[in-house]
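> Going by this note's numbering, the sequence shown opens with residue 631, and the numbers climb by one from there.
For every residue, glycine included, the Cβ atom is placed at its ideal position computed from N, Cα and C.
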Amino acid sequence: MTAPATSDTLMEDIVGLCKRRGFIFQSSEIYGGYNGFYDYGPLGVELRNNIKQAWWRDFVQCRDDIEGLDSTIIMHPKIWKASGHVDGFSDPMVDCKESKLRYRADQLFFAPVTVNGETIGYVSVVECIDQQEVAEKAAAEMKRKMAKQGELDTIELKEYTEAKPEQYELIPSPATGKPGSLTEPREFKLMFETKVGPLADDAATAYLRPETAQGIFANYKNIVDTGRVKIPFGIAQIGKAFRNEITPRNFIFRSREFEQMEIEYFISPSADWKTLHREWIDTCTDWLVSIGLPREGISEDIHPEDKLAFYSQATTDLMFQFPHGEQELWGIACRSDYDLKQHQEHSGKSMTIFDETTKEKYVPHVIEPSLGVDRTLLAVLSAAYTEDEVPNDKGKVEKRILLKFSPKIAPIKVAVFPLLKNKPELVEVATKLYKKLQRRWNVFYDASGAIGRRYRRQDEIGTPFGITIDFDTIEKDGTVTLRDRDTCEQRRVTEDELIKFLEEQIDG
Ligand code: GAP
């Protein structure tokens, strides 16, 4: 029986597996960890690189209309003034004066508790998958403790940002359960500051970029002037971004140091941007499916017009069913000509382009698909994590944990096993094949332990194929056993058949 990836403990299971098998570690763990920062171990870095390489190949190398870029993390501070980040990139924050804990006001919910229309108190809850249930339980408990007769009215949760000043004193802190210790929301700036140069005065203040996008806008002119681009065209970048998130949460879903894969796709101001936006949403969805995410786990969240940022014409987020609920994975925004016009004004440099087709000169508009590497990796892990039952070497059925990664992004593609490690003839053939495959793919060699245990170790880290060198290989026809991770089925193949099969499965 295969367990679908929806269990309550899925996040815990994934975090445990990531630590146990060397995918992801908490940063600075020997000093007790550092909240919001994660390190990628040997398998994690392979998985991460494979995701980035697949994205780069599909969106940059396999397309004639997109060019790559690698800009610096620290840029001229004026860039962040022009983009609006210095003045506007913040989240509403609330402090609990008693516990000293901090919350994002848009992730903190409250509701009055009313019995037959009479308010008897307030409940609060931090955003979570079952927040309504948590709030209802707290309300029922409040009614019971106060020995109130009558019917509890429906609990209608609202964001703390919507609380009226007279309610601040009445809403309990989620940390202490007591009313009156939460502050009113205030804006908390998300950009990390640093100092550049020998003088640590205000003029030396610079920022770690909170998105890679501005590096693209700042280099747009260089690429237009030196490249072969013509409208419509895109500039793509993969790189680190930093945000001093108030509440980094849910493992690598929201961290303070993360990586983005962003495209700014420049179009004519008179282009049919709605159709192009739709095409980008479909392309991005198909790409997520191509790396192994289930199509049914992906949905679209269209931002309502009255909630759009002032520069945005439309934004649709691709949402994914993460272990902690349905959340944003990929934002696809139509950002108009806002950013280029801002940089034109602040830098004094023209951002116009001459359109060869229409013979017009204009500042292009932009469609921006923006995806987080770490969030993609968490989505991939969530979709791949599976528990089933298979027979062991002695035929006894045992629980098995496996990661059903697509061969395209699996950290290790193939494991090679000599049936016995103390038979030099087997070891020699196995080592030779291992060395040969290693020149093309990331391959693992394992000679120790019972063969079933060796298979299981690879299943748990998502290696899609196992190859066993046995006595038939050396005494009969040279064929090897090829084992499939998901079905455990085995078949004998020649070396040529093996290479052809692996090429098809891994390289596509
Ligand atoms: N340039 C547009 C931009 O940065 P965003 O919605 O703030 O837009 C884009 O971020 C993507 O970056 C998100 O959809 C998510 O995948 C990823 N991302 C944003 N903040 C993150 C964080 N704190 N931790 C991990 N990934 C994050």
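Could you check what DSSP says for Val716 in three-state terms: helix, strand or coil?
helix
> Any heavy atom of ligand 1 closer than 7 Å to the Cβ of Phe881?
no
> By alpha-carbon positions, which one of Gln761, Thr1016, Glu817 ends up nearest to Phe739?
Nearest option by C-alpha distance: Gln761.
> Per DSSP, Val1044 forms a beta bridge with which residues?
Val1073, Phe1095
> Is any non-hydrogen atom of ligand 1 found closer than 7 Å to the C-beta of Arg732, if you look at the structure I gave you?
no
> Only counting the same chain, and skipping five residues up and downstream in sequence, which positions put a Cβ closer than 6 Å to that of Pro707?
Ala836
> What residue range is occupied by the uninterrupted beta strand (DSSP E) comprising Phe847?
Run containing Phe847: none in the beta strand (DSSP E); it sits in the alpha helix (DSSP H), 843-856.
> Should Leu959 be counted as a contact of ligand 1 given a C-beta to heavy atom distance under 7 Å?
yes
> Is Ser1000 near ligand 1 - that is, is its Cβ less than 7 Å away from at least one heavy atom of it?
Checking the Cβ of Ser1000 against ligand 1 gives yes.
> Drop a sphere of 10 angstroms on the beta-carbon of Asn1140, count the other beta-carbons inside from all chains shown, and report buried for 16 or more, exposed for fewer.
One cannot answer for residue 1140 here, as it falls past the ends of the chain, which runs 631 to 1138.
> For the alpha helix (DSSP H) containing Leu1011, name the first residue and the last one.
1003-1014
> Please go through the same chain and pick out, in chain order, the residues whose beta-carbon is closer than 7 Å to the beta-carbon of Arg1084, but skip the five residues on each side of it.
Phe1047, Asp1076
> Which word fits Val1027, buried or exposed, when buried means at least 16 other C-beta atoms lie within 10 angstroms of its C-beta?
exposed
> Hey, would you say the C-beta of Asp1004 is under 7 Å away from at least one heavy atom of ligand 1?
Within the cutoff, so yes.
> Let's test the definition: count the other Cβ atoms within 10 Å of the Cβ of Pro994 and tell me whether it reaches 16, buried, or not, exposed.
That one is buried.
> Determine the contact status of Ile932 and Leu948, defining contact as a CB-CB distance below 8 Å.
no
> Smallest Cα separation from Lys773: which of Val996, Lys1034, Val743?
Val743
> Measure from the alpha carbon of Glu1055 to the alpha carbon of each residue in Asp1100, Pro1021, Phe1035, then state which is nearest.
For Glu1055, the nearest C-alpha among the options comes from Asp1100.
> What's the C-alpha gap between Thr1006 and Leu959?
7 Å
> What do you reckon, are the CB atoms on Thr842 and Glu892 nearer than 8 Å?
Yes, they are a contact pair.
> Could you give the first and the last residue of the continuous alpha helix (DSSP H) run that contains Met1151?
This structure cannot settle anything about residue 1151, because the visible part of the chain is limited to 631 through 1138.
> Using the rule of at least 16 other Cβ atoms within 10 Å of the residue's Cβ for burial, across every protein chain shown, is Glu1134 buried or exposed?
exposed
> Does Cys648 pass the burial test, meaning 16 or more other C-beta atoms within 10 Å, or should it be called exposed?
buried
> With respect to 7 Å, is the separation between the Cβ of Ala833 and the closest non-hydrogen atom of ligand 1 below this value?
Every heavy atom of ligand 1 is 7 Å or more from the Cβ of Ala833, so no.
> Taking 7 Å as the line, does the beta carbon of Glu1017 fall inside it for any heavy atom of ligand 1?
No, ligand 1 has no heavy atom inside 7 Å of this Cβ.
> Helix, strand or coil, according to DSSP, for Glu1125 in the structure here?
helix
> Could you please give the first and the last residue of the uninterrupted alpha helix (DSSP H) stretch that includes Met589?
Nothing about residue 589 can be read from this structure; the chain reaches only from 631 to 1138.
> Ignoring anything shorter than 3 residues or poking outside the region 715-744, list the beta strand (DSSP E) runs there in chain order.
720-725, 732-734
> Helix or strand or just coil, what does DSSP make of Arg1113?
strand
> Is His907 buried or exposed, if buried means 16 or more other CB atoms sit within 10 Å of its CB?
Taking a 10 Å sphere around the C-beta of His907, we find 16 or more other C-beta atoms and assign the residue as buried.
> Measuring only from the beta carbon, is Ala843 closer than 7 Å to any heavy atom that is part of ligand 1?
yes
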